[in-house]
Amino acid sequence: MSISRPRSEQLYAEALQHIVGGVNSPSRSFKAVGGGAPVFMKRAQGAHFWDVDDNRYIDYLCAYGPVITGHAHPHITAAITRAAENGTLYGTPTELEIELARMLKSAIPSLDKVRFVNSGTEAVMTTIRVARAYTKRSKIIKFAGCYHGHSDLVLVAAGSGPSTLGIPDSAGVPASIAGEVITVPFNDLGGLAQALQRWGDEVAAVMVEPIVGNFGMVMPKPGFLEELCRMTREAGALVIYDEVISAFRFHYGSAHTYDVFPDKAAIEPDLTALGKIIGGGLPIGAYGGRKEVMEQVAPLGPAYQAGTMAGNPASISAGIACLEVLQAPGVYERMDALAVQLADALKQSSLSYGIPLEINRIRGSFSAHFCSHPVTNYDEAQDTDGELFAQFFRLMLDQGICLAPSKYEAWFLTTAHTEEDIAATIQAADQALKVMAGK
Ligand code: PMP
């Protein structure tokens with residue numbers, strides 16, 4: 014089976030005339046999978062997409078994470094419609110904001126106080142400012158391969174060595190800013206200890222995705238977060254968790270309140286950045302944490318952060334509705350069970366065709382790296398076969414299965430995926446791997 018997409022190609026040519034690179038986020042381009050026109054979608058419902066050429070796809074991209082209830086979920090759509098009918102933006106506080114704040118706090122007890130913003134980028138950027146205001150220090154430690162949005166400070170890459178001062182990962186980020194960031198390999202406590210020993214009294218915060226979603230799905234090794242928190246506090250710095258992908262992804266709560274971590278008190282962060290799922294598919298971000306740290310924020314404290322669109326009734330209403338859907342019994346267990354089926358079948362097909370595939374599954378999400386070694390950090394994720402991935406990606410797309418166009422991105426299940434979707438995907442993947450093996 015092969016799908017033709019003449020209208021997508023035509024629209025891409027047009028988009029290139031008006032929108033830089035033809036896309037409004039570089040991750041949407043097909044640059045990492047050999048180039049060409051990305052698919053232009055026109056409609057989405059449940060676990061399915063329809064493109065402008067009327068081809069149907071099963072969606073595992075899920076908008077890079079926010080879409081966990083499937084597209085156009087009636088409960089969320091009704092909430093957005095109600096919000097739109099009542100006016101989408103007031104520039105005043107609303108009762109809805111209190112409701113979503115309460116829901117977040119009851120699911121994530123480390124949030125004494127929260128503030129809503131418009132994106133994960135803003136949320137992370139502000140946690141760094143708040144940590145700097147609180148500690149009166151300026152350096153940040155982050156982990157290689159963890160993505161924290163596109164603000165200057167976190168757009169830095171590692172140099173060589175176990176713990177290094179960052180180098181700009183983007184033109185336009187001054188070296189002086191990248192020099193405020195220290196990069197350490199994920200899961201490497203030795204590297205973290207070395208960084209803290211060398212720069213500890215200048216470090217405002219250690220920032221980490223407690224469960225990584227940005228170089229595939231990667232769990233912290235047992236004891237990693239516990240020791241990270243202990244060492245960070247000993248150095249007088251704050252722990253910031255970037256849970257923009259992970260919160261409400263694996264269970265109703267944040268990654269750090271998930272049952273795989275036996276001692277939750279030992280891994281509690283000072284600040285947490287949120288986004289994606291908590292907006293039910295509309296733009297949102299939030300950050301929150303310990304009361305005395307959050308009280309650094311204006312109007313209470315000296316750290317300034319503001320937003321015309323922040324807490325807008327449409328995003329907040331969609332977020333409340335999305336979390337309500339996720340509170341229903343069994344939703345996570347169901348996504349988990351479907352992901353097990355799919356991941357196991359992928360592994361089985363890869364074994365039978367002799368194509369190395371390493372799957373990291375964490376409940377309803379997983380990554381599938383073309384390699385034959387474990388993926389526990391960014392170096393290992395880089396050392397995987399991008400060409401095989403690109404081939405697989407296109408073979409899947411041509412059979413109506415939509416994955417993210419990058420070997421680093423995860424597959425996401427939603428509450429809308431069905432047994433039939435999984436069966437069709439298993440069949441398509443088997444076919445793709447068979448073609449790739451030349452069989
Ligand atoms: N943090 C993490 C962990 C993310 O995955 C992302 C986006 N993929 C961001 C922050 C940035 O969020 P946004 O794209 O909403 O600005």
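If you read the sequence shown in our numbering, its first letter stands for residue 14, the second for the next number, and so on. Each residue gets a CB set at the ideal place from its N, CA and C atoms; glycine is no exception. Just so you know, these numbers come straight off a predicted model, no measurement behind them.
1) DSSP beta-bridge partners for A59?
2) Can you grab the Cα-Cα spacing for the pair H161 / I253, in whole Å?
3) Could you tell me which uninterrupted alpha helix (DSSP H) segments, each at least 4 residues in length, are contained entirely in the segment 90-133, listed from first to last along the chain?
4) Starting from G302, follow the beta strand (DSSP E) in both directions and report where the run begins and ends.
5) When you compare only the Cα positions, how much space is there between T2 and K118?
6) Within 10 Å of its beta-carbon, does A97 have 16 or more other beta-carbons around it, so buried, or fewer, so exposed?
7) Given that a residue counts as buried once 16 or more other Cβ atoms are within 10 Å of its Cβ, and exposed if not, what is K149?
8) Output yes or no for whether 8 Å exceeds the beta carbon distance between F379 and A394.
9) Taking 7 Å as the cut-off, does the CB of G162 come closer than this to any heavy atom belonging to ligand 1?
10) To the nearest angstrom, how far is the alpha carbon of A445 from that of T397?
11) Using a Cβ-Cβ cut-off of 7 Å (strictly less than) and excluding sequence neighbours within five positions of A144, which residues of its own chain qualify?
12) Considering only C-alpha positions, which residue in the set F383, D67, R41, Q23 is nearest to A76?
13) Compare the beta carbon distance of Q227 and G332 with 8 Å and say whether it is the shorter of the two.
14) Run through DSSP, which three-state label would A38 get?
15) Sorry if obvious, but does the Cβ on V257 come closer than 7 Å to a heavy atom of ligand 1?
16) Please confirm if V194 has its CB atom under 8 Å from at least one CB of chain C.
17) Taking F53 as part of the beta strand (DSSP E), name the residues at either end of that continuous run.
18) Quick check on the burial criterion: 16 or more other C-beta atoms within 10 angstroms. Buried or exposed for A60?
19) What number of angstroms, rounded off, separates the C-alpha of I435 from the C-alpha of M230?
20) Pull up the DSSP beta-bridge partners for F425, would you.
21) Taking the alpha-carbon positions, what's the M220 to A286 distance?
22) Are there any heavy atoms of ligand 1 lying less than 7 Å away from the beta-carbon of T134, as far as the coordinates show?
23) Under 7 Å Cβ to Cβ from M232, same chain only, skipping five residues before and after it: list those, please.
24) Expressed to the nearest angstrom, what Euclidean distance is found between the alpha-carbon atoms of T62 and I71?
25) Tell me the rounded alpha-carbon separation between I141 and I153.
26) For D214, is the classification buried or exposed, using 16 other Cβ atoms within 10 angstroms of its Cβ as the cut-off for buried?
27) At what residues does the alpha helix (DSSP H) containing R20 begin and finish?
28) Do the CB positions of S164 and T196 come within less than 8 Å of each other?
29) Measure the Cβ-Cβ separation of G78 and A429 and say whether it is below 8 Å.
30) Could you pull out every residue in the same chain whose Cβ sits closer than 7 Å to the Cβ of E112, ignoring the five residues on either side in sequence?
31) How long is the line joining the alpha carbons of N68 and V344, rounded to whole angstroms?
Looking at the atomic coordinates:
1) Translated into the one-based positions of the sequence shown, residue 59 becomes position 46. In the sequence under discussion, the amino acid at residue 59 is Gly, which differs from the Ala named in the question. BP columns for G59 point to H84.
2) Residue numbering aside, residue 161 sits at position 148 when the sequence shown is read from its first letter. Residue numbering aside, residue 253 sits at position 240 when the sequence shown is read from its first letter. Straight-line Cα distance between these residues: approximately 11 Å.
3) 108-120
4) Residue 302 sits at position 289 when you count from the first residue of the sequence shown. Taken as a continuous stretch (DSSP letters only), the beta strand (DSSP E) holding G302 covers 298-302.
5) What the structure shows of the chain is the stretch from 14 to 452, and residue 2 is not part of that stretch, so it cannot be assessed.
6) Counting from one through the sequence shown, the residue named residue 97 turns up at place 84. With fewer than 16 other Cβ atoms within 10 Å, it is exposed.
7) The residue given as residue 149 occupies position 136 in the sequence shown. Answer is exposed; the Cβ neighbour count stays below 16.
8) The sequence position of residue 379 within the sequence shown is 366, counting from 1. The sequence position of residue 394 within the sequence shown is 381, counting from 1. Against a cut-off of 8 Å, the Cβ pair of A394 and F379 comes out as no contact.
9) If you number the sequence shown from 1, residue 162 lands on position 149. Yes - ligand 1 has a heavy atom lying nearer than 7 Å to the Cβ of G162.
10) As a first step, residue 445 is located in the sequence shown; it is residue number 432 there, counting from the start. As a first step, residue 397 is located in the sequence shown; it is residue number 384 there, counting from the start. Going by the C-alpha atoms only, they are around 18 Å apart.
11) Start at 1 with the first residue of the sequence shown, and residue 144 comes out as number 131. Counting only Cβ-Cβ distances below 7 Å, and skipping sequence neighbours, we find A217, A218, L251, I253, L284.
12) Taking the first residue of the sequence shown as position 1, residue 76 is located at position 63. Per the Cα distances, R41.
13) Start at 1 with the first residue of the sequence shown, and residue 227 comes out as number 214. Start at 1 with the first residue of the sequence shown, and residue 332 comes out as number 319. This sequence places Asn at residue 227; Gln is not what is there. Against a cut-off of 8 Å, the Cβ pair of G332 and N227 comes out as no contact.
14) Taking the sequence shown and counting its residues from 1, the one referred to as residue 38 is at position 25. First, the amino acid is wrong: residue 38 is Ser here, not Ala. It is coil, neither helix nor strand.
15) To locate residue 257, count along the sequence shown from 1; it is residue 244. It does: the Cβ of V257 is within 7 Å (strictly closer) of some heavy atom of ligand 1.
16) In summary, chain C is missing from the structure at hand, where a single protein chain is found.
17) Here residue 53 is taken as the residue at index 40 of the sequence shown, counted from 1. Element bounds for F53: n/a, residue is neither H nor E.
18) Reading the sequence shown from its first residue, position 47 is the one you call residue 60. By the 10 Å Cβ count, A60 comes out buried.
19) Sequence index remark: in the sequence shown, residue 435 carries index 422 (1-based). Sequence index remark: in the sequence shown, residue 230 carries index 217 (1-based). Spanning the two alpha carbons is a distance of roughly 20 Å.
20) The residue labelled residue 425 in the question sits at position 412 within the sequence shown. Bridge partners of F425: S378.
21) As a first step, residue 220 is located in the sequence shown; it is residue number 207 there, counting from the start. As a first step, residue 286 is located in the sequence shown; it is residue number 273 there, counting from the start. Looking at the two C-alpha atoms, the distance is approximately 10 Å.
22) Within the sequence shown, residue 134 is the residue found at index 121, counting from 1. T134: yes, Cβ under 7 Å from ligand 1.
23) Taking the sequence shown and counting its residues from 1, the one referred to as residue 232 is at position 219. Taken in chain order, the residues that qualify are I224, I375.
24) Translated into positions along the sequence shown, residue 62 becomes position 49. Translated into positions along the sequence shown, residue 71 becomes position 58. Checking the sequence shown, residue 62 turns out to be Phe, not Thr. So the alpha carbons of these two residues sit roughly 6 Å apart.
25) Counting from one through the sequence shown, the residue named residue 141 turns up at place 128. Counting from one through the sequence shown, the residue named residue 153 turns up at place 140. Whole-angstrom Cα-Cα distance: 8 Å.
26) Start at 1 with the first residue of the sequence shown, and residue 214 comes out as number 201. Answer is exposed; the Cβ neighbour count stays below 16.
27) Indexing the sequence shown from 1 puts residue 20 at position 7. Taken as a continuous stretch (DSSP letters only), the alpha helix (DSSP H) holding R20 covers 19-31.
28) In the sequence shown, residue 164 corresponds to position 151, counting from 1. In the sequence shown, residue 196 corresponds to position 183, counting from 1. For S164 and T196, no; Cβs fall outside 8 Å.
29) Along the sequence shown, one-based indexing puts residue 78 at 65. Along the sequence shown, one-based indexing puts residue 429 at 416. In this structure, A429 does not lie closer than 8 Å to G78 by Cβ.
30) Within the sequence shown, residue 112 is the residue found at index 99, counting from 1. Here the set comprises I333.
31) On the sequence shown, position 55 is the one that residue 68 refers to. On the sequence shown, position 331 is the one that residue 344 refers to. About 28 Å.
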